[in-house]
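Colleague: Please see the structure below; I have some questions.
Number of protein chains: 2
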Amino acid sequence: MRSIGFIGLGSMGLPMARNLLARGFAVRGFDLRAESAAALARDGGAAAASAADAAAGADLLVLMVVNAAQAETVLFADGALDALPAGAVVALMATCPPGAVEALAGRVAAAGRRFLDAPVSGGVVGASGGTLTIMAAAPRETFEAAEPVLRAFGDKVFHVGERPGQGATVKTVNQLLCGVHIAAAAEALALAAKVGVDLGILLEVLGGSAASSWMLRNRGPRMLQDEPEVASAVDIFVKDLGIVLEAGHDARAALPLASIAHQMFLAASARGDGGADDSQVVRTYLALNGLPRPPE
Amino acid sequence: MRSIGFIGLGSMGLPMARNLLARGFAVRGFDLRAESAAALARDGGAAAASAADAAAGADLLVLMVVNAAQAETVLFADGALDALPAGAVVALMATCPPGAVEALAGRVAAAGRRFLDAPVSGGVVGASGGTLTIMAAAPRETFEAAEPVLRAFGDKVFHVGERPGQGATVKTVNQLLCGVHIAAAAEALALAAKVGVDLGILLEVLGGSAASSWMLRNRGPRMLQDEPEVASAVDIFVKDLGIVLEAGHDARAALPLASIAHQMFLAASARGDGGADDSQVVRTYLALNGLPRPPE
């Protein structure tokens, strides 16, 4: 697999496509914003004029689009699936609900192409550095064929199951924990702010204790900033925790902590902070508890 | 400070007192169970006949009792405070509500003794290994006088504030995160079990991703066991998250995630699992969602 089509060259997709180029893959990319494909072309890739143009002749087509609906549009309405050679692989790497992934996989298989459910974790930093975690589900043969491509994106590549939808499930569970951990860090800092302890010392203590989480260490310091740079936006978690709750609904699993965390991000978005860094869910707790902003 | 009184020689207190002996401190210990003080005596300490006997002549009196009510009884009803020399330090190291700690500190100061609010994190493993995290609040002079004693207990000794109650607050916030992280791990595993992904692979993926927490890595594998060894019991979090909610109530801080997590531990206790390892809060999610036990 040397010839890769790539659809969705946003803040995640473009650096991922560049990592393919750096490993010698031929990449033909498409994005709704023409300047993104032009940027890829400047780095040695090819700018496709349409989704179908990106897919034409590819061994593997990466979909790094916004959601499952966009993946469906690209594949079926925009003709990418028809343009893809028989037996080629569709790698859906966006975060999508497990049920939607299963449905797409069935339609792709029915059209004689292979499907790889392969969402990622690690954000823009991981996409740029080639250090994403990749949670791939597909029959082993498909996974092994695609593995060299996946290793260009991430250093933690897992084959989590044979059935498409299982990758999306692992990613969903991943996002459940990420979202709850960010909201919990905000809840903890808001309590500490209300009682009046030094939040810098608090983060130092908690970052080295059993209370620690990856998100506490990463987002905690940004919660103490008034307008931190946007690493990932509040509205991403409004979407992703929505997917978590949809997965719970479909599977009949009650998720009380995730539902509360979702409401906290939703409230942040409701107050106009949807585009702010997701650490700013702390503002929901400040608003809730009558605290000034920022907490220090 | 070489002469230490020690009240409360349970699963935490006894190994802590032993670490004092190993560093050459003289330790006179008391516990309601006489066999605990006898065990300390066998290791080179002295067995006190009463709380007041443990405090008599001590430079510093450690209270590693069950809760604030027991600390109050020991100090005031049982005569330990009166037995303690003027200017000696009372180090309250149990997990207590910040408001109760402040009140005790005031009464100790009024009696001419010094007060150190110094709760710990790290469990029995940290107590035995001398690797506890210690969150100490007191005027700097008191903290510095007691610091060599604290360093016998832990390698992460923080002076988090000048005012007693601030240590208890940091510990409270610590427990908020610990409790929410354990419950979140259980919620995540229950969703994954319901959808049907391999839980061992799931923990491997999540343990190395942004979804990771100290508790996920520590308690997650024990959630997959049917009857894991009890490292810390469900009822400890029923108590500690109760303290978290009390602190939130006193400070007027709404804590929606902590309140949900508390309910999950409470439900585990309600079903007769209060003495089980706290990882078994996962059984609440299994019961809630009609899943067999264990989740695999």
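Protein chains in written order, with the numbering used here: chain H, 1 to 296; chain Z, 1 to 296. Glycine included, each C-beta is placed from N, C-alpha and C at the ideal position. Given the structure is predicted, the values throughout are model-derived calculations rather than measurements.
#1: Consult DSSP for D277 of chain Z and reduce its assignment to one of helix, strand or coil.
#2: Starting from D250 of chain H and walking both ways along the beta strand (DSSP E), at which residues does that stretch end?
#3: For a quick check, are the C-beta atoms of L203 of chain Z and L191 of chain Z less than 9 Å apart?
#4: What does a CB cutoff of less than 8 Å around L61 of chain H pick up in its chain, not counting 5 residues either side in sequence?
#5: Tell me the DSSP bridge mates of A136 of chain Z?
#6: Determine, using beta carbons only, whether E296 of chain Z comes closer than 9 Å to chain H.
#7: Measure how close the beta-carbons of A100 of chain Z and A68 of chain Z come, nearest whole angstrom, since I'm counting them as under 8 Å.
#8: Nearest-angstrom Cα distance between G290 of chain H and A193 of chain H?
#9: Which chain Z residues are close to C178 of chain H, counting only those with a beta carbon under 7 Å from its beta carbon?
#10: If we count Cβ pairs, one from each stretch, closer than 8 Å, do we get three or more for the stretch 151–159 of chain H versus the stretch 227–235 of chain Z?
#11: Can you give the beta carbon distance from A37 of chain Z to D43 of chain Z, rounded, assuming they're within the 8 Å contact cut?
#12: In the DSSP assignment, find the unbroken alpha helix (DSSP H) run with L104 of chain Z in it and report its ends.
#13: When we look at the beta-carbon of L249 of chain Z and count the other beta-carbons within 10 Å, is it buried (16 or more) or exposed?
#14: Please state whether DSSP places D53 of chain H in a helix, a strand or coil.
#15: Cα-Cα, which of H:S279, H:G122, H:A71 and H:E35 is closest to P228 of chain H?
#16: Please report the straight-line C-alpha distance between L224 of chain H and A46 of chain H, rounded to a whole angstrom.
#17: Against T133 of chain H, what residues of chain Z qualify as contacts under a CB-to-CB distance less than 7 Å, listed in chain order?
#18: Rounded to whole angstroms, what is the Cα-Cα separation between V230 of chain H and L176 of chain H?
#19: Hey, would you say A52 of chain Z sits closer than 9 Å to L63 of chain Z, going by beta carbons?
#20: Within the 9 Å Cβ cut-off, does M264 of chain H reach chain Z?
#21: For the beta strand (DSSP E) that contains D117 of chain H, what are its first and last residues?
#22: Skipping 5 residues on each side, what residues in its chain have a beta carbon closer than 7 Å to that of T142 of chain H?
#23: When the cut-off is 9 Å and only beta carbons count, does I236 of chain Z lie next to chain H?
#24: Measure the beta-carbon distance from G179 of chain Z to A261 of chain Z and round it to whole angstroms, keeping in mind my assumption that it falls under 8 Å.
#25: With burial defined as no fewer than 16 other Cβ atoms inside 10 Å of the residue's Cβ, what is the status of G122 of chain Z: buried or exposed?
#26: Three-state secondary structure (DSSP) at G122 of chain H?
#27: Measuring straight from C-alpha to C-alpha, what distance separates D240 of chain H and G130 of chain Z?
#28: Find out if the Cβ-Cβ distance for the pair S209 of chain Z, T284 of chain H is shorter than 9 Å.
#29: Classify G126 of chain Z: buried if its beta carbon has 16 or more other beta carbons within 10 angstroms, exposed otherwise.
#30: If you compare alpha carbons, which of Z:V108, Z:I201, Z:R271 and Z:A258 is closest to I303 of chain Z?
#31: Count the other CB atoms within 10 Å of the CB of P292 of chain H; is the residue buried (16 or more) or exposed (fewer)?
#32: Using a Cβ-Cβ cutoff of 7 Å, what residues of the stretch 152–177 of chain Z are near chain H? List them in chain order.
#33: State the Cα-Cα distance for the pair R107 of chain H and F76 of chain H, rounded to the nearest angstrom.
#34: To the nearest angstrom, report how far apart R18 of chain Z and V65 of chain H are at their CA atoms.
#35: A270 of chain Z CB to nearest chain H CB: under 9 Å?
#36: What is the rounded straight-line gap between the Cα of V74 of chain Z and the Cα of A185 of chain H?
Modeller: Walking through what the data contain:
#1: Three-state result, D277 of chain Z: strand.
#2: For D250 of chain H, no beta strand (DSSP E) run applies; the uninterrupted alpha helix (DSSP H) run containing it begins and ends at V234 to A251, by DSSP.
#3: No.
#4: Here the set comprises I4, G5, F6, I7, A54, A55, A80, L84, A88, V89, V90 and A91.
#5: DSSP links A136 of chain Z through a beta bridge to Z:H159.
#6: Caution applies to E296 of chain Z, whose pLDDT of 46 falls short of 50 and renders its modelled position unreliable; the model cannot decide the point.
#7: Beta-carbon to beta-carbon, A100 of chain Z and A68 of chain Z are separated by about 4 Å, close enough to satisfy the 8 Å threshold.
#8: Rounded to the nearest whole angstrom, the CA to CA distance from G290 of chain H to A193 of chain H is 11 Å.
#9: Listed along chain Z are A210 and A211, each with a C-beta nearer than 7 Å to that of C178 of chain H.
#10: No, the stretch 151–159 of chain H is not in contact with the stretch 227–235 of chain Z.
#11: Rounded, the Cβ-Cβ distance is 11 Å, inconsistent with contact.
#12: Note, L104 of chain Z: alpha helix (DSSP H), P98 to A110.
#13: The sequence shown places His at residue 249 of chain Z, not Leu. Flag for H249 of chain Z reads exposed.
#14: Per DSSP, reduced to three states, the secondary structure at D53 of chain H is helical.
#15: When each option's Cα is compared against that of P228 of chain H, the closest is H:S279.
#16: Straight-line spacing of the CA atoms in L224 of chain H and A46 of chain H works out to 43 Å.
#17: Residues of chain Z whose Cβ lies closer than 7 Å to the Cβ of T133 of chain H are, in chain order, V205, G208 and S209.
#18: Approximately 20 Å, taken between the alpha carbons.
#19: No, the Cβ-Cβ distance between A52 of chain Z and L63 of chain Z is not below 9 Å.
#20: So, interface residue.
#21: Here the beta strand (DSSP E) through D117 of chain H covers R114 to D117.
#22: Beyond the five residues adjoining it in sequence on each side, T142 of chain H comes within less than 7 Å, by CB distance, of V89, R114 and L116 in the same chain, given in chain order.
#23: Using beta-carbon distances, I236 of chain Z does not count as an interface residue toward chain H, since no partner is under 9 Å.
#24: Correct: roughly 5 Å between the Cβ atoms.
#25: G122 of chain Z is buried by the Cβ-count criterion.
#26: DSSP, reduced to helix, strand and coil, places G122 of chain H outside both helices and strands of the structure shown, so it counts as coil.
#27: Straight across, the Cα-Cα distance linking D240 of chain H with G130 of chain Z is about 41 Å.
#28: Against a cut-off of 9 Å, the Cβ pair of T284 of chain H and S209 of chain Z comes out as no contact.
#29: Burial call: buried.
#30: Any property of residue 303 of chain Z remains undetermined from this structure, which presents chain Z solely from 1 to 296.
#31: By the neighbour-count definition (other C-beta atoms within 10 Å, threshold 16), P292 of chain H is an exposed residue.
#32: Those residues of the stretch 152–177 of chain Z that come within reach of chain H (Cβ to Cβ, closer than 7 Å) are K156, F158, V160, G161, Q166, T169, V170, V173, N174, L176 and L177.
#33: When only Cα atoms are considered, R107 of chain H and F76 of chain H end up about 9 Å apart.
#34: Spanning the two alpha carbons is a distance of roughly 59 Å.
#35: Output row for A270 of chain Z: interface = no.
#36: If I take the Cα positions, the gap works out to 36 Å.
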